[in-house]
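In order, the protein sequences belong to chains F and W.
For the first sequence, the numbering used here begins at 1269 and goes up steadily by one.
For the second sequence, the numbering used here begins at 26 and goes up steadily by one.
Structure record follows, encoded as structure tokens.
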Amino acid sequence: MNTLHTEEMTLNMGPQHPSTHGVLRFVVRADGEIMREAVPDVGYLHRSIEKIAEKVGYHGFMPYTDRVDYVCAMFTNQGWASACEKLAGIEVPKRGEYCRVIAAEFNRLASHLLSVGTMAMDIGAMTPFTHALREREMINDLIEELCGARLTFNYMRIGGVAFDLPPGWREKALAYLDHFEPIFDEYNALISYNKIYIERLANVGVISAADAINYNLVGPNLRACGIKWDIRKDVPYSVYRDFDFDVPVGEGRWGKLGDAMDRYMVRIRELAESARILRQALTRIPSGPVLAKVPRNFKPPAGECQVRIESARGDMGWYVVSDGTAYPWRVHVRTGSFAAMGIMQKLSRGLMIADLVTIIASLDVIAPEIDR
Amino acid sequence: MEALAIYQRLKDQFGDQILEIVDRKTDPYCVIAPDAVVEVARFMRDDPEIAMDCLSNQSGVDYKDRMEVVYHLFSYAKRHGAVLKVKLPRENPAVETVEKLWSSANWMEREIFDLIGVNFTGHSDLRRILLPEDWVGHPLRKDFVEPLEYHGISTVRESPIIRLESKRK
């Protein structure tokens, strides 16, 4: 009897593929439905933001940081501002720090909602996407009222934030939290414990804790592997020390520890923790100024520093070198998505092609953050 | 362990290979000889006291008179970090890869190669990552001059303000 002859084929996925969350390309070598390897090809969204920083100066770079990761721009704002403050030794007023935390945690909610919503859509469930986006719209409305923008905020400044909370905003935000907290149950009932959904995610794209550290995975992707590490908790910056919150980690309840389902559940549980932080911050916010006195012609002393911020996609490292002039000498951003894409090639080996979509979604990769 | 204690331990272990220890308020660092990078890095990963299990960041910096590659190491086991630097000549800068020690270096070294132009000897897949393969030069070098066009697409445009003003006249 003749054995069936199989042949390896090379498929191109992206850059304009709806499930690649931006402009991402994979060169997939597949044998039938099974992938030998998926090699990511990135750079389609490279705007040389690090080079722009060297030309526009410290204050002028703030709007550009939004474009590093436009899904959670508050964190890129905060990373840049914190790095400059660390270089120059500027103290941010307490109320300014609270405003930052409030804005950032609302942004984390928005980012995670988009992430889990699109994840459900990539898997094939359309409705949860609309539910998640409905909630995200309301957060966008709140943030718009706060800073005038819905996506690229440019809210933070070196030394604090641009605007104080508008009158009545605090009550609106608290009312939103009252509405948001019960939403989990709705969302969980709709999708999280759905049998088909679990089958599609459990045991797919399993990352061991050692691999996660070796490949420098950060944020929810790292925590899903069972490593309890959150910059907000372990190296507290800003005023995160004041708040009481838990760091959810993967449990491997539905499959192996560190699979796509764990990454999904960590994000869902982080939503609840962010809501907890927000409630505390909104009730405890002190009065006072929101912006420290920073010279318009900002020239930090020569030196360099690295600042790590827990963004929605995890530990975001800002490495800034100053030569004492009004323009930074070198800026480098190390982002969570860049690291997550680095592990793709290894992760994809031997999986089904359909699972590639699951993995991209579960790693919460945002293309502009990879390419910068 | 404090970063300075780590550097002192490196100094005791490697002596002359540790060129300089810079003690400052923000992020003290230590400069090591380019030839000793892999040796020192392996020691830092495998030593039970230091145990740097993660290469958290790797950047290249062009200082006009030299190139630097900066390694931000971090230990999840011991919860401490350290910064290593390597100074390289500006002409044909090259240093051995640490990809075999930390897999995250694979992509970060490709990025440094692409944007700064440092060669990482022994790297398994050293090619451009962010820029197109036919791009000439390394944009984050200080002497990089932006080409006026790329494949017939102009990279410059008239300032919209000047255009508006000329219309008004």
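Just so you know, even glycine gets a beta-carbon here, dropped at the ideal spot from N, CA and C.
Just so it is clear, the structure is predicted and the values come from calculations on it, not from any experiment.
Check whether residue i and residue j have beta carbons under 8 Å apart
i	j	result
Gly1610/F	Tyr1508/F	no
Met1303/F	Gly1618/F	yes
Val95/W	Tyr1587/F	yes
Gly85/W	Ile137/W	yes
Met1406/F	Tyr1366/F	no
Met1424/F	Asn1375/F	no
Cys79/W	Ile1481/F	yes
Cys1493/F	Gly1523/F	no
Ile1499/F	Ile1577/F	yes
Arg1544/F	Pro1516/F	no
Gly1428/F	Pro1331/F	no
Ala76/W	Val123/W	no
Val1599/F	Lys1354/F	no
Gly1364/F	Leu1559/F	yes
Gln1548/F	Asp1512/F	yes
Ile141/W	Asp87/W	yes
Glu1373/F	Ile1451/F	no
Helix, strand or coil at residue i according to DSSP, with G and I counted as helix
i	result
Pro1308/F	strand
Met1620/F	strand
Thr180/W	coil
Met26/W	coil
Glu174/W	strand
Tyr1461/F	coil
His1273/F	coil
Lys112/W	strand
Thr1333/F	helix
Glu1578/F	strand
Gly1385/F	helix
Met1303/F	strand
Met92/W	strand
Asp199/W	One cannot answer for residue 199/W here, as it falls past the ends of chain W, which runs 26 to 194.
Phe145/W	strand
Cys1367/F	helix
Cys55/W	strand
Ile1358/F	coil
Leu156/W	coil
Leu1442/F	helix
Leu1559/F	strand
Asp168/W	coil
Leu1485/F	coil
Arg49/W	coil
Nearest-angstrom Cα separation, counted from residue j out to residue i
i	j	result
Glu1538/F	Gly1582/F	12 Å
Tyr32/W	Cys55/W	7 Å
Pro157/W	Leu1433/F	44 Å
Ile187/W	Glu174/W	21 Å
Ala1570/F	Ser1590/F	5 Å
Ala1400/F	Phe1448/F	11 Å
Gln83/W	Glu1413/F	38 Å
His105/W	Leu1550/F	33 Å
Leu1410/F	Lys1440/F	8 Å
Arg135/W	Val1295/F	18 Å
Ser1648/F	Val1486/F	As shown, chain F starts at 1269 and ends at 1640. That puts residue 1648/F outside it, with no answer to give.
Pro185/W	Asn1422/F	23 Å
Asp1530/F	Asn1456/F	14 Å
Asp139/W	Ser1555/F	48 Å
Ala102/W	Gly177/W	52 Å
Asp72/W	Met1277/F	45 Å
Pro1435/F	Ala61/W	60 Å
Glu1454/F	Leu1381/F	13 Å
His148/W	Pro164/W	21 Å
Tyr1338/F	Gly1290/F	11 Å
Beta bridge counterpart(s) of residue i as assigned by DSSP
i	result
Thr1278/F	Arg1297/F
Asn82/W	His97/W
Glu1572/F	Val1589/F
His1600/F	Tyr1587/F
Ile75/W	Looking at the DSSP assignment, Ile75/W forms no beta bridge with any residue, so it has no partner.
His105/W	Ser100/W
Met1609/F	Answer is none; Met1609/F lacks a bridge partner.
Met1424/F	Val1429/F
Cys1266/F	Past the boundaries of the shown model lies residue 1266/F; chain F is included only from 1269 to 1640, so the question cannot be answered.
Glu121/W	Thr146/W
Ile186/W	For Ile186/W, which the question treats as bridged, DSSP gives no partner whatsoever.
Ile43/W	Ile57/W
task = Taking 8 Å as the threshold, find out whether the segment 1292-1311 of chain F comes into contact with the segment 140-159 of chain W through three or more Cβ pairs.
result = yes
message = Three Cβ pairs or more, each shorter than 8 Å: is that satisfied between the segment 43-60 of chain W and the segment 101-118 of chain W?
response = yes
message = If contact is defined by three or more beta carbon pairs under 8 Å, each pair taking one atom from either stretch, is the segment 1311-1329 of chain F in contact with the segment 1459-1469 of chain F?
response = Short answer: they don't touch.
ask   = Mind listing which residues of the segment 129-146 of chain W have their C-beta closer than 7 Å to chain A's C-betas, in chain order?
value = The structure shown contains no chain A; its protein chains are F and W.
request  = Tell me, please, whether the segment 1597-1609 of chain F touches the segment 1629-1639 of chain F by the rule of three or more beta-carbon pairs shorter than 8 Å.
outcome  = Three or more pairs of CB atoms, one per stretch, sit closer than 8 Å, so the segment 1597-1609 of chain F contacts the segment 1629-1639 of chain F.
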